[in-house]
Amino acid sequence: MVPSGKIPCYVHPNVLRNDTPEEYVRQRVARSLVEEYGYNREDLHCEFSIKTGGGKRRRLDIAIFHAGTKHQPENILIIVEPKLRYQSSHCNSE
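What follows is the structure, encoded as structure tokens:
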């Protein structure tokens, strides 16, 4: 059972994520990468942490690794940073 305020992660089945609009977008994109674009789920990693040039750590929304390689920064093939689009709720009338 999934507790209130959490959703299961598509990439990491044993991980629960916070139930937010942004997380729904990330999960939909992850599912699309596997089901529509043919990436293996095992080659994806959500919230993968890397060290930037200045020594700071940064979490990538989704890292796609070269097929079958270890999840290490040097094996990243693609970085995916999905964004939630907000639409204006008002209409311009003349």
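Sequential numbering from 7 applies to the sequence shown in my numbering.
Even glycine gets a Cβ: it sits at the ideal position worked out from N, Cα and C.
A quick note: this is a predicted structure, and the numbers were derived from the prediction, not measured.
{"Query": "Contact check, A36 vs I84, beta carbons under 8 Å", "Result": "no"}
{"Query": "Same chain, Cβ closer than 6 Å to H72, five either side skipped, listed in chain order", "Result": "N81, L83"}
{"Query": "For A69, the residue or residues it bridges with in DSSP", "Result": "H51, I85"}
{"Query": "Local Cβ density within 10 Å of K89, reported as buried at 16 or more and exposed below that", "Result": "exposed"}
{"Query": "Per-residue DSSP class, three states only, for P14", "Result": "strand"}
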